[in-house]
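Data first, discussion second: the structure below is written as structure tokens.
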Amino acid sequence: MTVVYGSMYDHTRRMADAVARGAAAAGVPVAVVDAGRIHPSFVLAEAWRRRGLVLGAPTYDGGILPAVGAVLRLMARKRLANRVVGLFGSHGWQGGAVRKMADEVAEPRWEVVDKVEFEGAPRREDPARGAELGRQVAERVTD
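What the sequence shown shows, in the numbering used here, is residues 2 to 144, in sequence order.
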């Protein structure tokens, strides 16, 4: 499974780590990729290798953090197909990233298992929600 995320204030990275722990606990190998630090072509290569994909981004200007948005557009251009997907994102006063990511993955008809949104920094219960998202996607790709 591949977890692709972008983070501005480390909140989304913390949730990406929780998602990865949940998938690993289910026995699925996980690659965690920071789209803000790795060139989109390398992110695409990681996502291409695995059917399970979890995408995470904070809301930026009412939409997806640009680094994650660029990766999603590249995946669409390269016709990445047959993916089982989980989505997560953080936001301040207004959300938008998770909804926009859901719109992006609707076109290639990827199967969305679940979505997790949280405001600001992950609260005490949020990492467990992230781990559950990772577990759900991991179990779906091992069926």
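Cβ atoms here follow ideal geometry from the backbone N, Cα and C, with glycine treated the same way.
Item: Beta-carbon gap between G28 and A132 smaller than 8 Å; Value: no
Item: Unbroken alpha helix (DSSP H) run spanning H12, endpoints; Value: 12 to 26
Item: Bounding residues of the beta strand (DSSP E) (the contiguous stretch that carries L134); Value: First-last for L134: 127 to 143, but that is the alpha helix (DSSP H), not the beta strand (DSSP E).
Item: Check: G96 C-beta below 7 Å from any heavy atom of the ligand MG; Value: Because no ligand of any kind appears in the structure shown, any question about the ligand MG cannot be addressed here.
Item: Pair within 8 Å by beta-carbon distance, V114 and V85; Value: yes
Item: Straight-line Cα distance separating N83 from D144; Value: 14 Å
Item: Expected contact under 8 Å - CB spacing of A17 and G57 to nearest Å; Value: 5 Å
Item: C-beta atoms of E63 and A139 nearer than 8 Å; Value: As written in the sequence, residue 63 is Gly, which differs from the Glu given in the question. No.
Item: Member of Q137, F119, A98, R110 whose CA lies at the smallest distance from the CA of H12; Value: F119
Item: C-alpha distance - E47 paired with V99, whole-angstrom precision; Value: 21 Å
Item: Helix, strand or coil at S8 according to DSSP, with G and I counted as helix; Value: coil
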